[in-house]
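Participant:
Residue numbers (our numbering): 5 to 449.
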């Protein structure tokens, strides 16, 4: 192991991976440190003891408009482990199904036929979808505007039912917050990027293997080409800095590592304990810690028998927002039966309940929506709650999100909670990591 690294990246989530990959591609010897056994952070995996199966903590998906994540997957050589669905199925509480699928029309008209066929919208509401698209096609208000996205659309005459049955499912899934808690510029960006700008922006990307396996070894192999390494199950105590000596990273074991540069790709509430003295203005640091996050609830269900369930289906007016059939998506699924994962975003109410009640509600929604026998039960289940899953992109929040540059040359921060112009998503995390790496390269070369 080198006595001194070109750069040390602390945190192996997507922001840290993105930083490390960019630095490694530039020829830097990078040491990537993470406390978990697999890379990916919240987009990672664990071994379920009952089944022995490597399982994602929560289902993660991407969209066709997420270009930075797409580029990272290409850089790691794993883009072929991502499959995009060009037909996205939704179902309402009455059991009516409809799909979003691009027609042979140029954008922004390519999804118009699908929108006009939605059975849960009246003719007036369908016609109003043109007004909705016009409302998100113009210039967005400034990021510090106090108006929320729902109020913004209501003021422009968008019918409430159109908001509830079309806008809300998309915004909640992308932003992990209802439209009434989302800043206008983020709401506009989500709809514009996914529905209007390109024919493929709406497509849902599903990974065909567990996320821990997707990121860990490919990142290790890429970093090794420039002499870099990954140290997993490693906890950092602090980072110190001395002029002309660089950075010293101290682990809880007492072991130390020195480097010319450092990227802190950690959650906002972990930042104060790691930052070298004077690296961030006190007000900026305080704002970062005060950022509000929202939970996501995932429920994993293993059934003895195969089930008639699409790879992905969005549910309207239910506790469960999405059901994913991993038995169809993964290239190495369980040997028999069905493995389903459900996701509920902006899950403040559901996350407050006991796991037994979460499971009961989830099973009721799955049985009812998939028309399964009322007594059908999984042979194994697991409830996973990510209580601080993502930042709530509320009005005014972006002015509290810090940039990636710190007051110390050679030190940058990264994470989906930093200022990227995107909501707190995998795409935002990857963008932040790349920005941080570019700062390091400019500071050290």
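Cβ coordinates follow ideal geometry from the N, Cα and C atoms, glycine included.
1) I'd like to know whether the C-beta atoms of residue 92 and residue 316 end up nearer to each other than 9 Å.
2) Count the other CB atoms, across all protein chains shown, that sit within 10 Å of the CB of residue 133; report buried if there are 16 or more and exposed otherwise.
3) Just mark residue 336 as buried or exposed, buried being the case when its beta carbon has 16 or more other beta carbons within 10 Å.
4) Determine the closest residue to residue 300 out of 313, 394, 236, 446, with distance taken between C-alpha atoms.
5) Using CA atoms only, rank isn't needed, just tell me which of 408, 161, 340 is closest to residue 129.
6) I'd like to confirm the pairing. Which residues does DSSP put opposite residue 390 in its beta bridges?
7) Residue 264 and residue 448 - do their beta-carbons sit closer together than 9 Å?
8) Are residue 118 and residue 138 close, meaning C-beta to C-beta below 9 Å?
9) Quick check on the DSSP output: what are the complete alpha helix (DSSP H) runs of length 4 or more inside the segment 334 to 419, in order along the chain?
10) Could you tell me whether the Cβ atoms of residue 251 and residue 31 are closer together than 9 Å?
11) Locate the beta strand (DSSP E) running through residue 87, then write down its first and last residues.
12) Using three-state DSSP, classify residue 284 as helix, strand or coil.
13) So, with DSSP's three-state summary, where would you put residue 185?
14) Assign residue 450 to one of three DSSP states: helix, strand, or coil.
15) So what does DSSP say about residue 114, is it helix, strand or coil?
16) Where does the unbroken beta strand (DSSP E) through residue 82 begin, and where does it stop?
17) Using the Cβ count rule (16 or more neighbours within 10 Å means buried), how would you classify residue 171?
18) Which stretch, first to last residue, makes up the beta strand (DSSP E) that contains residue 428?
19) Straight-line CA distance for residue 297 to residue 181?
20) What's the gap between the Cα of residue 61 and the Cα of residue 214?
21) Using alpha carbons as the reference points, say which of 233, 227, 281 lies closest to residue 246.
22) By alpha-carbon positions, which one of 361, 191, 71 ends up nearest to residue 432?
23) Whole angstroms is fine: what's the gap from residue 353's alpha carbon to residue 249's?
24) For residue 89, which residues in the same chain have their Cβ closer than 7 Å to its Cβ, ignoring the five residues on either side in sequence?
25) Between residue 108 and residue 140, what straight-line distance do the alpha-carbon atoms span, to the nearest angstrom?
26) Around the C-beta of residue 362, are 16 or more other C-beta atoms found within 10 angstroms, so that it is buried, or is it exposed?
27) Taking just the CA atoms, how far does residue 69 sit from residue 78?
28) Since residue 402 contacts residue 178 with CB under 8 Å, what's their CB separation in whole angstroms?
29) Tell me the residue span of the beta strand (DSSP E) that contains residue 319.
30) Suppose you measure from the CA of residue 292 to the CA of residue 48; what does that come to, to the nearest Å?
31) Please go through the same chain and pick out, in chain order, the residues whose beta-carbon is closer than 6 Å to the beta-carbon of residue 342, but skip the five residues on each side of it.
32) Only counting the same chain, and skipping five residues up and downstream in sequence, which positions put a Cβ closer than 6 Å to that of residue 224?
33) Output the boundary residues of the alpha helix (DSSP H) element that contains residue 277.
34) In the structure shown, what three-state DSSP assignment does residue 239 receive?
35) Could you tell me the alpha carbon to alpha carbon distance between residue 276 and residue 289, rounded to whole angstroms?
36) Consult DSSP for residue 209 and reduce its assignment to one of helix, strand or coil.
Facilitator: Considering the structure as presented:
1) Taking the chain shown and counting its residues from 1, the one referred to as residue 92 is at position 88. Taking the chain shown and counting its residues from 1, the one referred to as residue 316 is at position 312. The answer is yes: Cβ separation under 9 Å.
2) Position 129 of the chain shown, counted from the first residue, corresponds to residue 133. The residue in question, residue 133, is buried, as its Cβ has 16 or more Cβ neighbours within 10 Å.
3) Locating residue 336 in the chain shown gives position 332, where the first residue counts as 1. With fewer than 16 Cβ atoms within 10 Å of its Cβ, residue 336 is classed as exposed.
4) Taking the chain shown and counting its residues from 1, the one referred to as residue 300 is at position 296. When only C-alpha atoms are compared, the closest one is 394.
5) On the chain shown, position 125 is the one that residue 129 refers to. Selected option, being the one with the closest Cα: 161.
6) As a first step, residue 390 must be located in the chain shown, where it is residue number 386. Residue 390 has 300 as its beta-bridge partners, per DSSP.
7) By one-based count along the chain shown, residue 448 stands at place 444. By one-based count along the chain shown, residue 264 stands at place 260. Contact: yes.
8) Mapped onto the chain shown, residue 118 falls at position 114. Mapped onto the chain shown, residue 138 falls at position 134. The answer is no: Cβ separation not under 9 Å.
9) 352 to 355, 359 to 374
10) Walking along the chain shown from the start, residue 251 turns up at place 247. Walking along the chain shown from the start, residue 31 turns up at place 27. No, the pair does not count as a contact, with Cβ atoms beyond the cut-off.
11) Position 83 of the chain shown, counting from 1, holds the residue named residue 87. Taken as a continuous stretch (DSSP letters only), the beta strand (DSSP E) holding residue 87 covers 86 to 89.
12) Reading the chain shown from its first residue, position 280 is the one you call residue 284. Correct three-state label for residue 284: coil.
13) Taking the chain shown and counting its residues from 1, the one referred to as residue 185 is at position 181. In this structure, residue 185 counts as helix in the three-state DSSP scheme.
14) No information on residue 450 is available, as it lies outside the stretch 5 to 449 that the chain covers here.
15) As a position in the chain shown, residue 114 is number 110, starting the count at 1. Coil at residue 114, not helix or strand.
16) Counting from 1 along the chain shown, the entry for residue 82 is found at position 78. From DSSP, residue 82 is part of no beta strand (DSSP E); its letter is neither H nor E.
17) Numbered from its first residue, the chain shown carries residue 171 at position 167. When all chains shown are included, residue 171 counts as buried.
18) Here residue 428 is taken as the residue at index 424 of the chain shown, counted from 1. Boundaries cannot be given for residue 428, as no beta strand (DSSP E) includes it and DSSP labels it neither H nor E.
19) The residue you call residue 297 lines up with position 293 of the chain shown. The residue you call residue 181 lines up with position 177 of the chain shown. Between residue 297 and residue 181, the C-alpha separation is close to 9 Å.
20) Along the chain shown, read from residue 1 onward, the residue named residue 61 stands at position 57. Along the chain shown, read from residue 1 onward, the residue named residue 214 stands at position 210. When rounded, the distance between both Cα atoms is 9 Å.
21) Looking up residue 246 in the chain shown gives position 242. Nearest C-alpha to residue 246: 281.
22) Mapped onto the chain shown, residue 432 falls at position 428. Checked all of 361, 191, 71; the closest Cα to residue 432 is 71.
23) As a first step, residue 353 is located in the chain shown; it is residue number 349 there, counting from the start. As a first step, residue 249 is located in the chain shown; it is residue number 245 there, counting from the start. Rounded to the nearest angstrom, the two C-alpha atoms are 50 Å apart.
24) The residue labelled residue 89 in the question sits at position 85 within the chain shown. Contacts found: 207, 208, 210, 315, 316.
25) For the purposes of this step, residue 108 is taken as residue 104 along the chain shown, with counting starting at 1. For the purposes of this step, residue 140 is taken as residue 136 along the chain shown, with counting starting at 1. Straight-line Cα distance between these residues: approximately 22 Å.
26) If you number the chain shown from 1, residue 362 lands on position 358. Classification for residue 362: buried.
27) Counting from 1 along the chain shown, the entry for residue 78 is found at position 74. Counting from 1 along the chain shown, the entry for residue 69 is found at position 65. Cα to Cα, the separation comes out at about 15 Å.
28) Within the chain shown, numbered from 1, the residue matching residue 402 stands at position 398. Within the chain shown, numbered from 1, the residue matching residue 178 stands at position 174. Not really, about 16 Å apart at Cβ, beyond 8 Å.
29) Residue numbering aside, residue 319 sits at position 315 when the chain shown is read from its first letter. Looking at the DSSP string, the run of the beta strand (DSSP E) that includes residue 319 is 316 to 319.
30) Working through the chain shown from its first residue, we reach residue 292 at position 288. Working through the chain shown from its first residue, we reach residue 48 at position 44. About 24 Å.
31) Here residue 342 refers to the residue found at position 338 when the chain shown is read from its first residue. Correct list, in chain order: 307, 310, 311, 331.
32) The residue you call residue 224 lines up with position 220 of the chain shown. Cβ within range, chain order: 234.
33) Residue numbering aside, residue 277 sits at position 273 when the chain shown is read from its first letter. Per DSSP, residue 277 belongs to the alpha helix (DSSP H) from 275 to 278.
34) Working through the chain shown from its first residue, we reach residue 239 at position 235. Coil at residue 239, not helix or strand.
35) Start at 1 with the first residue of the chain shown, and residue 276 comes out as number 272. Start at 1 with the first residue of the chain shown, and residue 289 comes out as number 285. Each residue's alpha carbon lies about 7 Å from the other.
36) Within the chain shown, residue 209 is the residue found at index 205, counting from 1. Correct three-state label for residue 209: strand.
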